[in-house]
Amino acid sequence: MKKRISLPVIVEGKYDKITLTAIFDCTVITTGGFGIFNSKEKQALLRRIAKDGVIVLVDSDGGGKQIRAFLSSILPKDKIHNLHIPKMGGKERRKEKAGKAGILGVEGMPREVLERLFSPFFDGEKLDTGVGRAVTKLDFFEDGLSGGEHASKRRAALCGLMELPPDMTANALLEAVNLLYTYDDYKGFVESISDNKTVDF
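So, in structure tokens, the structure goes:
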């Protein structure tokens, strides 16, 4: 039986939609790739469905980053739940060769990865992903992940350990951490970064 996700999900294309609806019982809306930039009708639709909250899941390449930024500019930021797929090399089955970035998009993600990403939203509830408190912006600052000289390098190292895109902003990374890991998991990753002598901070 498919897991139910009551919040609508925004993805880039029809194959992303096919992948998600094969796994979950959910409403999926596509941006039509960059078509969303010029489609006033689609923008109006997305604004309407986002009033009670919406999940955004796009590819980890440059195009996906542009689309995510555009959606953040037209939708209420407090209603957006950003999910980020890990950067995994390969190509989708339907394609003859890998894309320019050489990484899998949403449609190529393994089922277990997608189930883990969406697990906080099963049955329409944003579930507690672990025991203990959430990771905060103050934690990021104290752990050298924001506001410091080497913050971007430390974030990139953390993203590497968590299998997340290495160029995530501090705010995007914070949201991803709280969706995917417990506070204790996070502190363990931070400790691993600090103990890694091969990383130059």
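Residue numbers (the working numbering): -1 to 199.
The beta carbon of each residue, even a glycine, is placed where N, CA and C say it ideally should be.
I'd like the span of the alpha helix (DSSP H) that includes L178, first residue to last. Run containing L178: A168 to L178, per the alpha helix (DSSP H) assignment.
Taking the continuous beta strand (DSSP E) assigned at V133, which residues delimit it? Careful: V133 lies outside any beta strand (DSSP E) and carries neither H nor E.
If you draw a straight line from the C-alpha of Y184 to the C-alpha of V175, how long is it? Put simply, the backbone Cα of Y184 is about 7 Å away from that of V175.
Grab me the residues of R45's own chain with a C-beta within less than 7 Å of its C-beta, minus the 5 sequence neighbours each way, in chain order. Taken in chain order, the residues that qualify are I72 and L73.
Can at least three beta-carbon pairs, one atom from the stretch 50 to 66 and one from the stretch 137 to 151, be found at a separation below 8 Å? Counting Cβ pairs under 8 Å, fewer than three are found: no touch.
D23 - DSSP class collapsed to helix/strand/coil: Three-state DSSP puts D23 in a strand.
Which of the three DSSP states, helix, strand or coil, is assigned to T28? In the structure shown, T28 sits in a strand (DSSP, three-state: E or B).
Candidates Y179, I191 and D121, of which the one nearest A154 by Cα: When each option's Cα is compared against that of A154, the closest is I191.
Beta-carbon spacing of T28, V9 below 7 Å: Against a cut-off of 7 Å, the Cβ pair of V9 and T28 comes out as a contact.
When you compare only the Cα positions, how much space is there between I34 and D193? I34 and D193 have their C-alpha atoms some 44 Å from each other.
Quick one: using the 10 Å Cβ neighbour count with 16 as the cut-off for buried, is E105 buried or exposed? With 16 or more other CB atoms across the displayed protein chains lying within 10 angstroms of its CB, E105 is buried.
Candidates N169, A170 and D137: which alpha carbon is nearest F187's? F187 has its Cα closest to that of D137, out of N169, A170 and D137.
Taking buried to mean at least 16 other C-beta atoms within 10 Å of its own C-beta, is A42 buried or exposed? Exposed is the call here.
Alpha carbon to alpha carbon, how far is E39 from G142? Give it in angstroms, no decimals. Straight-line Cα distance between these residues: approximately 43 Å.
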